[in-house]
Structure formats: C-alpha cells, structure tokens
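Below you'll find the structure, written out as structure tokens, and then a few comments.
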Amino acid sequence: MSKEKPRGSIVEESRSIDEHPLLKEIYNYHDKLISEYTEGDVLEIAGGKNPYPNSDIVIEADKNNINIAKEELDNLIQGDLLNLPFKDKIFDTIIGRRFIHHIPLKNRKNIFLEAERVLTERGRIIIIEGTPGKFRKITKGIANKLGILDEKKEDVYGHLTSKELENLFNRSNFELLKSRKLGSPFIPFSYFNSTLTKKLKYFHKKTQFIRWYTLIIGELKD
7 MSKEKPRGSI VEESRSIDEH PLLKEIYNYH DKLISEYTEG DVLEIAGGKN
57 PYPNSDIVIE ADKNNINIAK EELDNLIQGD LLNLPFKDKI FDTIIGRRFI
107 HHIPLKNRKN IFLEAERVLT ERGRIIIIEG TPGKFRKITK GIANKLGILD
157 EKKEDVYGHL TSKELENLFN RSNFELLKSR KLGSPFIPFS YFNSTLTKKL
207 KYFHKKTQFI RWYTLIIGEL KD
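Under the working numbering, the residues of the sequence shown are numbered 7 to 228, in order.
Now the structure itself:
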C-alpha cells in the first residue's frame with residue numbers, strides 16, 4: 007500500500023489480471039455488462055491497476071496503481087473518491103468495480119453523496135461488488151487455508167451481502183434500477199495462473215447462477 011493516500015481510502019493490493027487469464031476474462035465480461043448501461047460522460051472511481059477502458063476520467067487513490075494503469079490509459083487522476091475534485095453535475099455515469107469493501111463502513115454513504123453531487127440530472131451509478139454467497143464463502147475459505155488466497159488483504163473492511171449493497175442505494179438519493187447476481191462455479195479456477203484456465207471463459211459465461219458478485223444500477227432521483 008502507498009503510505010500517502012487520500013482521506014478515507016484504502017488502496018487495493020490487487021492480483022495482476024495478466025497473470026490470471028481466467029480472471030482477466032471475468033473482468034472483461036463485467037466490463038461488457040457495464041457498457042450496456044453507461045450513458046454520456048463516464049467517471050470511474052477507484053479504478054485500481056486495471057481501469058474501465060471506456061471511462062472518460064478515472065480517479066484512483068494510489069500513485070503506484072496510477073503509474074501501472076497509465077500504460078493502458080492516460081485519463082487518470084489521483085484523488086479521493088469521498089471528496090471528488092470535480093465541479094457539480096458534470097458526469098452522466100459513475101462506475102465503481104469491486105471496491106466498496108476497501109472503504110470503511112462509516113464512509114460508505116459518502117460514496118453516494120459525492121456521486122449525487124457530480125452527476126447530472128437522472129445520472130446513473132453502476133457498481134459491481136463482491137457479495138458473499140454460500141459458494142463464495144466456502145471456496146474462499148478453502149483457498150485461504152491452502153495459501154492460494156490471502157483473505158486479509160482482499161477483504162479489508164468486509165464484503166457486503168447483496169441486501170446490504172441494495173440498502174446503500176435505498177438509503178441514498180438513487181432509485182434502484184437493477185440488481186443482478188454474477189458468478190459461476192468456474193470462478194475458483196481464476197486463482198490459478200495457468201493459460202489453460204482461459205479456455206473456461208465460455209463455461210463461465212454460460213453458468214451465471216452463483217452469487218459471487220452483484221451488479222447494481224441506480225439512477226439519481228428528481
């Protein structure tokens with residue numbers, strides 16, 4: 007982690023998707039789903055090392071992540087997603103991918119307050135977040151015991167359930183438009199770096215009946 011980071015932000019020590027072929031395909035699948043719902047000027051918050059490629063602007067807390075991401079994109083800004091360095095009402099869509107568990111519980115409502123401030127009328131916020139269904143909990147527990155996954159690094163402040171994620175929207179000034187579970191029994195193979203795992207991308211796409219993540223979309227109320 008960077009020693010210097012904006013207030014309220016916990017930067018993620020994420021796995022390199024280039025070293026995990028199936029994980030890269032999963033994230034590409036997520037990005038394709040997101041692209042179906044974005045409109046107008048798009049801001050990504052907490053872009054990490056692998057920002058959403060169709061963002062107009064990406065904000066990220068960690069300077070090291072920005073330096074890595076700039077190899078692919080040049081529209082990155084270092085800053086705090088809880089105190090966005092933008093004027094009011096200038097973005098049509100805000101996206102955030104797999105980041106809320108790195109925000110302290112007491113600060114999570116501020117994500118939506120800042121989003122409300124910088125979004126235009128009827129603007130959208132699109133979130134993909136890990137949500138611990140039973141299969142995910144069991145699988146990650148096994149992976150953690152085997153040393154394949156360091157859950158302490160990945161789950162900094164605790165993942166939300168899908169209901170808790172929906173409640174964040176319901177307590178904000180956003181109308182909940184869509185909540186969809188995402189996940190496949192093939193996801194555990196994304197922990198491995200074998201190129202053979204990439205061949206599982208078809209089966210991953212066709213077996214989306216496990217709740218590993220939740221895609222949730224809200225629209226700013228009048």
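Note that the Cβ used here is the ideal one computed from N, Cα and C, for glycine as well. Note that the structure is predicted; figures quoted are calculated from it, not measured.
Can you list, in chain order, the residues of its chain whose CB lies under 6 Å from that of residue i, leaving out five sequence neighbours each side?
i, result
"Phe-209", "Phe-192"
"Glu-10", "Legend: pLDDT at Glu-10 = 40, less than 50; position of this residue unreliable, value from coordinates given subsequently. So no residue of the chain qualifies."
Which stretch, first to last residue, makes up the beta strand (DSSP E) that contains residue i?
i, result
"Lys-187", "180-188"
"Glu-42", "From DSSP, Glu-42 is part of no beta strand (DSSP E); its letter is neither H nor E."
"Ile-63", "63-66"
"Gly-224", "219-226"
"Glu-50", "48-51"
"Leu-82", "82-84"
Residues in the same chain with beta-carbon distance under 7 Å from residue i, minus the five sequence neighbours each way, listed in chain order, please.
i, result
"Ser-8", "Any reading at Ser-8 must be qualified, since the residue scores a pLDDT of 38, below 50, and its modelled position is unreliable; the value itself is stated next. Cβ neighbours of Ser-8 beyond the five flanking positions: Val-17, Asp-68, Lys-69, Asn-70."
"Thr-137", "His-165, Leu-166, Thr-167, Ser-168, Leu-171, Arg-217, Tyr-219, Thr-220"
"Leu-183", "Ile-223, Gly-224, Glu-225"
"Phe-92", "Val-124"
I'd like the list of long-range same chain contacts for residue i, defined as Cβ closer than 8 Å, with 5 residues on each side in sequence excluded.
i, result
"Ile-100", "Val-48, Leu-49, Glu-50, Ile-51, Ala-121, Val-124, Leu-125, Gly-129, Arg-130, Ile-131, Ile-132"
"Gln-214", "Lys-187, Leu-188, Gly-189, Ser-190"
"Pro-59", "Asp-37, Glu-78, Leu-79"
From this set, the options, which residue's C-alpha is nearest residue i's C-alpha?
i, options, result
"Ile-40", "Lys-93, Ile-106, Ser-185, Ile-96", "Ser-185"
"Glu-127", "Pro-59, Asp-62, Gly-46, Gly-53", "Gly-46"
"Ile-109", "Glu-66, Ala-75, Lys-76", "Glu-66"
"Ile-74", "Asn-56, Leu-182, Asp-62", "Asn-56"
"Leu-174", "Leu-111, Asp-228, Leu-29, Leu-152", "Leu-111"
"Asp-98", "Arg-104, Ser-61, Leu-152, Glu-77", "Ser-61"
"Asn-179", "Lys-227, Lys-151, Gly-153", "Lys-227"
"Glu-77", "Pro-91, Gly-54, Arg-177", "Gly-54"
"Gly-85", "Arg-104, Tyr-33, Ile-63, Glu-42", "Ile-63"
"Asn-150", "Pro-194, Arg-177, Lys-93", "Pro-194"
Write down the C-beta distance between residue i and residue j rounded to the nearest angstrom, noting that I regard them as a contact closer than 8 Å.
i, j, result
"Glu-135", "Ile-106", "5 Å"
"His-26", "Ser-190", "15 Å between Cβ atoms; not a contact."
"Lys-204", "Glu-31", "6 Å"
"Lys-143", "Leu-28", "About 20 Å; that fails the 8 Å criterion."
Could you pull the start and end residues of the alpha helix (DSSP H) that residue i belongs to?
i, result
"Thr-126", "Element bounds for Thr-126: not the alpha helix (DSSP H) but the beta strand (DSSP E), 125-136."
"Ile-101", "From DSSP, Ile-101 is part of no alpha helix (DSSP H) but of the beta strand (DSSP E) over 97-103."
Spell out a yes or no on whether the segment 114-127 and the segment 67-84 are touching, meaning 3 or more CB-CB pairs, one atom from each, closer than 8 Å.
With the cut-off at 8 Å, the segment 114-127 and the segment 67-84 do not touch.
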